[in-house]
Every structure is written in structure tokens, then in C-alpha cells.
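The next block holds one structure in the form of C-alpha cells; read it before the comments.
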Amino acid sequence: MNGLSKIVRTIANITFPFVMIFGLYVIAHGHLTPGGGFQGGAVVASGLALILVAYGSKWVSTKIKEHDLSLLESLGGLGFISVAFLGIIFGGVFFSNFLVGTDFLFGGIPIGGAADFNSGGTLPLMNFAVGLKVIAGLFAIVFVMALAISKKEESA
Amino acid sequence: MIETFLQTFDTGNGFWNPLIWIIAFVVIFLIVVILRGFGNKTYKKNTGQTKAFLSGNQEYEKNQMHVKASNLYWGWIESMKWVIDGLKKMHTGNVSDYVFWFVVVMGILLLFVGLM
Amino acid sequence: MIANIPYLAVVGLIVIGLSAVLFRKNIIKMIIGITLIEAGVNLFLITLGYREGSIAPIWTSSPGGVMAYPVPQALTLTSIVIGVAVTALMLSLAIHIYRHHGTLDVRKIGGDDQ
Amino acid sequence: MSFLDQLIIHGPALLIALPLLGAFLTPLIGRVNDKLRNLFVIIILGITAILILLLAQEIFASGPITYVFGSTAPYVGKETVIRILFEIDALSIFMAMIGIILSFAAAIYSWAFMEKNTGLDKYYALLLLLTVGMLGMVLTGDMFNFFVFLEITSISSCALIAYYVNKAKSVEAGFKYIVVSTIGALFVLMAIALLYGQYDALNIAKLADSITFSFVDKIALVLLLAALAMKGGIVPMHMWLPDAYSRAPASVSLVLIGTTQAGLYGVFRVLFTLYGNVIELPTISMGWILVILGLLTMLVGVIMAMIQVDFKRLIAYGAVAELGYMFLGVGTCLTVLANPEVTLAQAPFAFEALKGGLFHVFNDALDVGLLFMVAGAVYYATKQTSLNSLGGLARNMKYTTVFFIIGLLAVSGVPPMNGFASKLLIYESTYQLNPILSIVAILASIMLLAIFVKVFHAAFLGPALPQFEKVKEVPKSMLIAMGIIAAFIVLFGLFPDLIVNTIVDPAANALIDNTGYLQWLTGGA
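Protein chains in written order, with my numbering: chain D, -14 to 141; chain R, 22 to 137; chain G, 26 to 139; chain P, 1264 to 1788.
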């Protein structure tokens, strides 16, 4: 699949950072908003898909391999399940939110109606892991599909 | 120890004990061995004795000798044709029909459960 | 009456989706039908959590007051996540089917024997 | 507290977490070494199997276990909202045993069977994920969680069915499977939403406690029943099953049996536990619907199997017929339970029928699984799938032939194999409900024997065909996997009383009486 016209590429260049920032915001604030790892990951992955469409799968495949994406995906899943396992060790129950109430990372307890970013315990960590997994996974799906289509075009 | 394993399996009306089966198996096995003893002792391997005798005709090629799967139970399938043809028509291999049957079953169940 | 409109929409979406799966012969249209059913079910879940005059359940600097019930929203999100995976899988299978048969018409692809 | 106690306490979570961890680690280990990865998968499944045995011991001794995720108490705040929890009773652990035996055998079988294929990292990861979905479905105590695991199962098994993407038929079968199971799962979600909207709960025990059998509940019951029966491959919604089973790799077909039975588990759980308190309210007994569906399933399954020429497709239709027995047994019990005029003590055959149905779930998984593995072995050795092109294989594949004979006898209910024990229970108990039921059941069994004798003749007997002269026995790992299952078959057949008393009886009791399942909620009683 070849890239599209210069106009599309320019627009993609301009919008790409905003999409990324919005996606990362949604991942990071997953414990406070209805967003989370999946939603933010999907936004980031769609931003990457934008680049894929604008520049073509041939150009993207010089930058990144599908192989590496599946490695990242495995790491994301591993991070999620390890945090859950740490719950057994520190909290006594699987998935236990052992960070809440501690002064360590994300240990704050929300008071009243408003909560700040430094709360949620293990939830933000899990959101980050899921985000990584979703970004890699979804982008890998779109990427593989694009590669399949470009193979079809070559053979035709 | 062995009693816990060889307990009689009670099915409410009847029973089943593997011990009976094992005894029956041994008895039948002995009968087979005895019958085998009456067999012809002059049998030799790798001689003309082992060839099939087809009234003096030439033996067919091996693939023609074997009764293939779709030739087995021909008569049964022929007589049940009216059922089988109907069932074959039902199995179209089209996924829309699979979902169609799902909807039909859901409708029938709704009729039975929901409205009565 | 006005409160029932979302439920009518749910039934409508599911019926349209099912009819697309049942009567359309193009695989892509069938996939669209499935996503429509999914949208209907998701809409139903969201409607369950609706409260009149409530605000979105976002905790950062919330103005206070009644929030919409967040559990159905969480359920819907999970269902959407699954839906994305399923749709992606179905579409990639559709690509493969097209590659093998050169068509997406279910009648021409032909079913399995019997 | 000793390590073993800790293991049992966290067992429910570990059952899901271990295979999940394995699924994420498999692609990483696969980068290092292929053999190491295969071994890793087998070890992970082996540990899971041991955990299930430990938990089973605990559950049979002291009743259902609940495990709350993320906290120690099942309630949040004012005792209204219930957390996500796993609830494992005797039936759950019974189904989990079936699932893990199949997965474990499939992992060993895959070592040699899949060796020459590419993309094995993903294959093994998906196999573990499928195991997670299967175990999750039977262990969870939460309706929405059940839906999630149902979808995990569908997605991973669809990807595995379409594993041979270069074969058009495999891709088609995968597509059909995902369409059917997604629509089924969406209707399950709809039913869950209907229940949630009424009772503000997703927990099965809580729902069962508060269900009133209103009109909305009836609709939810219909949706759940139809969708889960479709997942369970009940006629006339069985058509996806032969497609999927016959086009998937043999090792995957093996695990697919487990997922199908997880669907059946869903049907039983919904009817007996979720709607257990209102079981007497429907005017037309659900039991009769189950019985009629079961009879239909048996008859259609055997007739369609009779005319098949594809080895695995034939076995798949045989598997459909076997599913009918479970519905027949369980349905017979339900007709008595739902009848307010007859108590269970007056009709002891109902309990026997339920035991027969549940025991047959286990036996069917083993029998059909063994037959699928034999079909895979024949394919591995000859590269042929059609029965018409096979013949005389017994000369070169001695062990496989023996395993096929064991599977043949077991699936058609010939003593001393396990199929006989459970079918005997079903025949003798359904006879007391209505003699026609057991006549049809015996007829279907006879036809199953006829069908598999035909396969035996067509594939293994006959003259030594010249094209199969160089066929060799399959590698050891496949023989070991077949041997494990065959050993279980003979064991269950020779000591049925032991098996029925230790694992089937508690499972049947858990199904009949849902007070044990609701115990943590209602606080004793």
C-alpha cells in the first residue's frame, strides 16, 4: 500500500501529536474518568493507523516490524498480570489494590467529590500495561491487514 | 483396597460390575485359545497358501479390493433417503441459515416459556 | 413515552442487525449487521444506567451532584473492547476468504458439503 | 500457614492467572527456543491440573469456595454492591477437570503434530488463552464475567480453527464459528442486561436469590438458553460444530470439545442454579424441552454421521449425537424437579438420570477427544482426510489402531469402556420417565457403533494398499497423549462406581440443590 498525497500527509503530521496526547491523557486518567487503558490505547492506535494510511505500509514497515509489536503486546499483558500477582504478595488477594493509602506511587485517597491524579493505587499501573498492550495489539492488527492488502496488490 | 475399586455400580434399577466383565473376558479368551488349537497346523507364511483364492480368477488390484467408506451401508442409506435428503437440505453450510435456526429456536422457546 | 424511545431504538438496531445477517449475502454487510446488534445491546446497557439530570461519572474536578450509574458504562466499555477484537478478527478472516475465492458473496463461496 | 494452604486459598485465582501468565510468556520464550516453549506450556497446564485436583479435594470435603478479587469481603460499602468473585462448587470443578485434561492432552499432542507448522508461538499462546476462557466460564460466579470468558473462548478458538489460513475451508469454518458465537454471546449479554436492569446485580448467587420469574425474566431465560445451547451445539443449531471441528487442527478439535461443554455447563447452571428457586413456575417444564432437544440431537447427529466420508467431520457429527445424551439425562431430572406433585424422593430415577447425564459429559469429552486424536494421527501419517482414500492402516499403525478400538467401543457404549457406564445410567433412568426415550437413546447408540465400525473397516482394515506402504506409526508425543486419554477411558469404565461416587455425585448434588451455591450470600441455612 503506497502513501497518499502530500496534503493528506501534512494534515496527518499536524493532527498526529494531538491524537497522541489525547490518547495518552485518556490512558493516564483511566482511574478518574470513564476512559482507561483500552480507550486511550485505541485512540493512540488510531493515530498510528493515520500515519499508516498517510505514508503507506511500505514506509512504515521500514520503521517497525510486526515481530516487535507482538513483543510489546506480550510485555503489556505480562505487566498487567504481574501487578495482579503482586496483589497476592502484598495485599493477600489476587488483584488486591495494595498501593492505596501508602505514600508510594498513586497512593492518595480521594476525598469528597474530587480526586487528584495521585490516587487509584494499582489501577493506573494496570491501565498503563493495558494501554501498552492495546496500542501494540490494535496497531499490529491494522498493520498486518495493510500488509496483506499490499501483498495482494503486488501479486495482481 | 481392591474392594473399593471393584464395587458394584448401582444404577438405581440394575447394576454393573466390571468383575463380571473380566471373568467373561477370561472365559471367552480361553474358548478362543482352545478353538485356535483346532486350527490347521500346516499353515506356512509367505507361500501360495496366504494368497486369496478367487475361483481361479486373477486377484484385483489392492485399491479395488478394498470396500471404501461410501460403499458401506449402501442399502440403509438408500432406504433412508427421504430423511437424509431432508437433513442434507437443512445443512446448507451458509452462515445465514445457521443464524436463522438460532432465531427459530429462540422464537419457539419464547412461545413455550414466555407466553404460557 | 419519550423515555421508551431508547428501548425502541435498541429493538430496532437488533432487528436491523439480525436481518442483515440473515438476508444479506455479502460478508462485509453481515459483519456490519453483527456490529449493529452489538450497538443495540450496548445502547440498552447504557440506557439502564441513565439517571435524569445526572452528570458524567468523571471524578477529576467534578462539580458534584448526581452522577450517572457507572457500572453499566463499565460493562458497555468491556463489551465494546470485545466487539473491537471480534470485528477485527472477522474482517481479517474476510480478507482471507476474499483471497481464496475472489468474492465475498456467501452463495458463491459455497458451504461445506452437507 | 503452609504453602499448600496458601495455594488452596489462592487456587481459584491461580487457575486463571497461571495459564494467562503462560499465554503472555509463551511468545517471549518462543523467541529463545521452540522445545523450551513446548515444555513450558505443558508444565503450566500440568501445574494447573494439579491445582484443580487440590481444589477438588477441598471442595468435595467442605463445600463451595468463593474467591473475591481485589478484596477479602464480597461486599462493597453498604452490603449492596457485590464484587467480582469466583464461586467454585462441585459442578464447576468437575467441568474444570474435563477442560484441563483435554488441554493438557492437546498440549502434549501438539508437540509432534504441529511441529512442522509456522506461527507456533501464537498457536500455543492461543491454546493457553482458550484454556483460560474455558476454565473461567465454569469457575466464575458472576454473569458478566461469564460473558467475558465466553468471548475470550470464542475469539481464541476462532483464531485456532482458522489456523490453516492457506486452506479456504478452514478460514470459512473460522468465519462461521465467529459469526455464530458472537451473535450467541451478544444475546447472552442482552439477557444479562435484562437481569441486571431488574435486580441491580450481576452475581449469579444474588440473582438466583432475588429472581421472581417475571415476564422479563422469561425473555432472559429464553435468550440465555438458546444462545448457550447454540454454543453447546444442540440441534438444530449444531451446524457450526462439524464445520469447526473438522477444519481445525486435531489438537484444537480436542480443546473445542471442552468449550462446547462449557456452553452446556452454562445451560445447566442457568436452569438449575440461576432459575433454581423458580424451577416449578413454568407451566411447560423446561425439562421436556431439554429432553426433546436431546432426542433430536441424537437422531440428527447419527443420521448425518452415517453419510459422511470425511474422517473428522464424521466424528464431529458423532460428537453432536453424544451431546444429546447429556441433554436427555439432565432434562429427565429437570422434569421431575419442576413437577410440584412429585418430590425427588418419590422418583429416585431423576437423580440417577442427572448423574448419568453429568458422567456422560466427562465420558464424551474423553471418547470423542480420543477419536479426534486418532483422526489427527491418521492425517499426520497419510495426509488424507477422506475415508474413501484410506485403508489397511492397521498393518502399519498398531498403537493408533488399538486406541481407535478403545475410542470406538467407548463412544458407542460397549462394556467395559466408560461410555457404557454413563449410558447404562441414562437408559435405565429415562425408561422410567417414558420408555420411548430410552429406546431412542439405545437406537442412537447402536447406530454410533455401526458408524464407527464402518470407519474402522474403511480406514484400518482391508488389504495393504500400495500408497500406504511407507506409512509409519506416529511420533511418541502423540501416542502418549492418546495413551493418557485411553487410560482414563479404561479406568472410568472398570471402576465406574468409584468415579461416580467421588466426583459425579457431588456435582449432581450441587446442581440439584442450589442452597450450597447461595450459602455465602444468605449466611448459612
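Cβ atoms here follow ideal geometry from the backbone N, Cα and C, with glycine treated the same way.
Computed from a prediction, not measured in an experiment: that's the story for all the values here.
Minimum Cβ-Cβ distance from P/THR1445 to chain G less than 7 Å: Along the fourth sequence, read from residue 1 onward, the residue named residue 1445 of chain P stands at position 182. So, interface residue.
Completely contained alpha helix (DSSP H) runs for the region 1715 to 1782 of chain P, where each covers 4 or more residues: Taking only runs of at least 4 residues, the alpha helix (DSSP H) segments lying wholly in the region 1715 to 1782 of chain P are 1739 to 1757, 1759 to 1762, 1768 to 1775.
P/TYR1330 - partner residues in DSSP beta bridges: Locating residue 1330 of chain P in the fourth sequence gives position 67, counting from the first residue. Paired residue(s): P/PHE1349.
Residue of P/HIS1720, P/TYR1690, P/VAL1718 minimising C-alpha distance to P/LEU1706: As a position in the fourth sequence, residue 1706 of chain P is number 443, starting the count at 1. Measuring C-alpha to C-alpha distances from P/LEU1706 to each of P/HIS1720, P/TYR1690, P/VAL1718 identifies P/TYR1690 as the nearest.
Interface residues of chain C facing P/GLY1725 [CB-CB closer than 8 Å]: The structure shown contains no chain C; the protein chains it does contain are D, R, G and P.
Residue range of the alpha helix (DSSP H) that includes P/GLN1269: Locating residue 1269 of chain P in the fourth sequence gives position 6, counting from the first residue. Under the DSSP assignment, P/GLN1269 falls in the alpha helix (DSSP H) whose first and last residues are 1266 to 1272.
C-beta neighbour in chain R for P/TRP1503, strict 7 Å: Counting from 1 along the fourth sequence, the entry for residue 1503 of chain P is found at position 240. Taking CB atoms only, P/TRP1503 has a neighbour in chain R less than 7 Å away.
Cβ shell of D/LEU108 (< 8 Å), same chain only, five flanking positions each side left out: Translated into positions along the first sequence, residue 108 of chain D becomes position 123. Spatial neighbours of D/LEU108 in its own chain (CB-CB distance under 8 Å, excluding positions within 5 residues in sequence) are listed in chain order as GLY15, HIS16, ASN82, PHE91.
Between the CA atoms of D/LEU110 and P/GLY1787 - distance to the nearest angstrom: Along the fourth sequence, one-based indexing puts residue 1787 of chain P at 524. Along the first sequence, one-based indexing puts residue 110 of chain D at 125. Low confidence applies to P/GLY1787: its pLDDT is 48, below 50, so where it sits in the model is not reliable enough to give any reading.
Alpha-carbon to alpha-carbon, D/ILE12 and D/VAL28: Taking the first sequence and counting its residues from 1, one reaches residue 28 of chain D at position 43. Taking the first sequence and counting its residues from 1, one reaches residue 12 of chain D at position 27. The straight-line gap from Cα to Cα measures roughly 9 Å.
From D/LYS118, D/MET130, D/THR(-5), residue whose alpha carbon lies closest to that of D/ASP53: Locating residue 53 of chain D in the first sequence gives position 68, where the first residue counts as 1. Comparing Cα-Cα distances from D/ASP53 to each of D/LYS118, D/MET130, D/THR(-5), the minimum goes to D/LYS118.
Any C-beta of chain G under 7 Å from that of D/ILE126: Sequence index remark: in the first sequence, residue 126 of chain D carries index 141 (1-based). Answer yes: the Cβ-Cβ gap between D/ILE126 and chain G drops below 7 Å somewhere.
Cβ-based neighbour list, G/GLN139, same chain, cut-off 7 Å, excluding 5 preceding and 5 following: As a working note, residue 139 of chain G is residue 114 in the third sequence. Unreliable placement is indicated for G/GLN139, whose pLDDT of 49 sits below 50; the coordinate value is still reported in the next sentence. Apart from the 5 residues on each side of it in sequence, G/GLN139 has no Cβ closer than 7 Å to any other Cβ in its chain.
Residues near P/PHE1476 in its chain [Cβ-Cβ closer than 7 Å; skip 5 each side]: Here the question's residue 1476 of chain P lines up with position 213 in the fourth sequence. Cβ within range, chain order: VAL1541, LEU1544.
Any C-beta of chain R under 7 Å from that of G/VAL131: As a first step, residue 131 of chain G must be located in the third sequence, where it is residue number 106. Flagged as an interface residue toward chain R: G/VAL131, by a C-beta distance shorter than 7 Å.
Residue(s) in a DSSP beta bridge with D/GLY41: Translated into positions along the first sequence, residue 41 of chain D becomes position 56. Its beta-bridge partners are D/ASN(-13).
Within chain P, the residues that R/TRP42 reaches when beta carbons sit closer than 7 Å: Counting from 1 along the second sequence, the entry for residue 42 of chain R is found at position 21. Chain P residues near R/TRP42: PRO1678, PRO1679.
Whole-angstrom distance between P/LYS1469 and P/LYS1285, CA atom to CA atom: Locating residue 1285 of chain P in the fourth sequence gives position 22, where the first residue counts as 1. Locating residue 1469 of chain P in the fourth sequence gives position 206, where the first residue counts as 1. Checking the sequence shown, residue 1285 of chain P turns out to be Gly, not Lys. Using only the alpha carbons, I get a separation of about 33 Å.
Residues sharing a beta bridge with R/ASN67, DSSP: In the second sequence, the residue the question calls residue 67 of chain R occupies position 46. According to DSSP, R/ASN67 bridges with nothing at all.
Minimum Cβ-Cβ distance from P/MET1493 to chain R less than 7 Å: As a working note, residue 1493 of chain P is residue 230 in the fourth sequence. With respect to chain R, the C-beta atom of P/MET1493 has a partner C-beta closer than 7 Å.
Cβ-based neighbour list, P/GLY1447, same chain, cut-off 7 Å, excluding 5 preceding and 5 following: Position 184 of the fourth sequence, counting from 1, holds the residue named residue 1447 of chain P. These residues qualify, in order along the chain: ALA1490, MET1493, LYS1494.
Residue-level contact to chain P via CB, R/GLY107, 7 Å cutoff: Translated into positions along the second sequence, residue 107 of chain R becomes position 86. No, no contact with chain P.
Extent of the continuous alpha helix (DSSP H) run through P/HIS1623: The sequence position of residue 1623 of chain P within the fourth sequence is 360, counting from 1. Run containing P/HIS1623: 1611 to 1645, per the alpha helix (DSSP H) assignment.
Closest by C-alpha distance to D/HIS20, when choosing among G/ARG124, G/ILE53, G/ALA81: On the first sequence, position 35 is the one that residue 20 of chain D refers to. In the sequence under discussion, the amino acid at residue 20 of chain D is Gly, which differs from the His named in the question. Nearest of G/ARG124, G/ILE53, G/ALA81 to D/GLY20, Cα basis: G/ALA81.
Of the listed residues G/VAL66, G/ALA28, G/ILE41, nearest to G/LYS54 (C-alpha basis): Locating residue 54 of chain G in the third sequence gives position 29, counting from the first residue. Selected option, being the one with the closest Cα: G/ILE41.
Listed by chain order, chain P residues near D/ASN82 by CB distance under 7 Å: For the purposes of this step, residue 82 of chain D is taken as residue 97 along the first sequence, with counting starting at 1. Within chain P, the residues near D/ASN82 are GLY1333.
When P/MET1745, P/PHE1590, P/LEU1281 are compared against D/PHE70, the one with the closest alpha-carbon: Locating residue 70 of chain D in the first sequence gives position 85, counting from the first residue. Among P/MET1745, P/PHE1590, P/LEU1281, the Cα nearest to that of D/PHE70 belongs to P/LEU1281.
Cβ-Cβ distance between P/ALA1353 and P/ALA1770 below 7 Å: For this step, residue 1353 of chain P is matched to residue 90 along the fourth sequence. For this step, residue 1770 of chain P is matched to residue 507 along the fourth sequence. Note that the C-beta distance between P/ALA1353 and P/ALA1770 is below 7 Å.
Neighbour list for P/LEU1452 in chain G, Cβ cutoff strictly below 7 Å: Sequence index remark: in the fourth sequence, residue 1452 of chain P carries index 189 (1-based). The answer, in chain order, is VAL66, SER104.
Residue-chain proximity (G/LEU33, chain R), Cβ-Cβ < 7 Å: Position 8 of the third sequence holds residue 33 of chain G. For G/LEU33, the answer is no, since every Cβ of chain R falls outside 7 Å of its Cβ.
CB contact flag (G/LEU47, R/PHE123, <7 Å): Within the third sequence, numbered from 1, the residue matching residue 47 of chain G stands at position 22. Within the second sequence, numbered from 1, the residue matching residue 123 of chain R stands at position 102. Against a cut-off of 7 Å, the Cβ pair of R/PHE123 and G/LEU47 comes out as no contact.
Cutoff 8 Å; reference P/ALA1471; Cβ partners in own chain excluding five residues on either side: Your numbering for residue 1471 of chain P matches position 208 in the fourth sequence. Same-chain partners within the cutoff: THR1536, LEU1537, TYR1538, GLY1539, ASN1540, ASN1777, TYR1780, LEU1781.
Extent of the continuous alpha helix (DSSP H) run through P/SER1514: Position 251 of the fourth sequence, counting from 1, holds the residue named residue 1514 of chain P. In the DSSP annotation of this structure, the continuous segment of the alpha helix (DSSP H) that includes P/SER1514 starts and ends at 1513 to 1531.
P/GLY1655 and P/ALA1727 closer than 7 Å at C-beta: As a position in the fourth sequence, residue 1655 of chain P is number 392, starting the count at 1. As a position in the fourth sequence, residue 1727 of chain P is number 464, starting the count at 1. Cβ atoms of P/GLY1655 and P/ALA1727: closer than 7 Å.
Of the residues D/SER31, D/PHE65, D/PHE7, D/GLY105, the one placed nearest D/ALA114, counting alpha carbons only: In the first sequence, counting from the first residue as 1, residue 114 of chain D sits at position 129. The shortest C-alpha separation from D/ALA114 is found at D/PHE65.
Within 7 Å, strictly: CB atoms of R/TYR119 and P/VAL1443: Translated into positions along the second sequence, residue 119 of chain R becomes position 98. Translated into positions along the fourth sequence, residue 1443 of chain P becomes position 180. The answer is yes: Cβ separation under 7 Å.
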